[in-house]
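Notes follow the structure.
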Amino acid sequence: MSHHLALLELDESSRAQVRDGKVSATDAVAAVRRARRKSRAKNGSTATWEWEPDFLAATHPLAVKARRLCDAREHTMRRRIGKTACGQCWETVIRQDERIVIAAEGVSATAVTPMRPRGSAA
């Protein structure tokens with residue numbers, strides 16, 4: 001349907017050429033699409049934004065560990081986040097790193113006090 005609607009964008013003389021068989025409908029639609037493309041390129045604006053880089057990528061400090069773990073577990077059929085490791089391996093490596101940081105800071109996991117809801121008695 002959009003193929004035929006594109007013919008309505010032709011000027012009257014071009015439509016007459018299509019009607020008389022001097023120009024095929026396919027060629028006329030191709031001309032309309034070329035004109036649209038040219039107009040978009042001319043009137044379009046450059047992107048004023050860009051995607052932020054992926055966080056879990058090969059540049060992440062834990063990427064090498066995550067990749068090694070994923071390879072060691074032979075996770076060959078899983079989608080690798082950031083082309084590095086699967087989600088399970090990323091999570092394992094991040095949790096291991098968290099334990100190392102907590103141990104280095106001298107804080108045990110049970111020493112962390114959970115937050116209380118507002119208005120509860122102390």
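Following UniProt numbering, the numbering of the sequence shown begins with 1 at its first residue and continues without gaps.
Built from N, CA and C at the ideal position, the CB exists for glycine as well.
Since the structure is predicted, the reported quantities are computational estimates derived from the model, not experimental observations.
Secondary structure of residue i, DSSP reduced to three states
i   : result
A35 : helix
A28 : helix
A85 : strand
L56 : coil
K42 : helix
7 Å Cβ shell around residue i - same chain, five flanking residues per side excluded
i   : result
E9  : V32
K42 : none
R67 : T84 and A85
Close beta carbons around residue i, own chain, < 6 Å, minus the five adjacent residues each side
i   : result
C70 : A85, C86 and C89
R78 : C86
R36 : none
Within 8 Å, strictly: CB atoms of residue i and residue j
i   : j   : result
V18 : A30 : no
L7  : R15 : yes
Chain-order list of residues whose beta-carbon lies under 8 Å from that of residue i (same chain, five-residue window excluded)
i   : result
K22 : none
(Q) I want to know whether the region 84–95 touches the region 58–75 - three or more CB-CB distances under 8 Å. (A) yes
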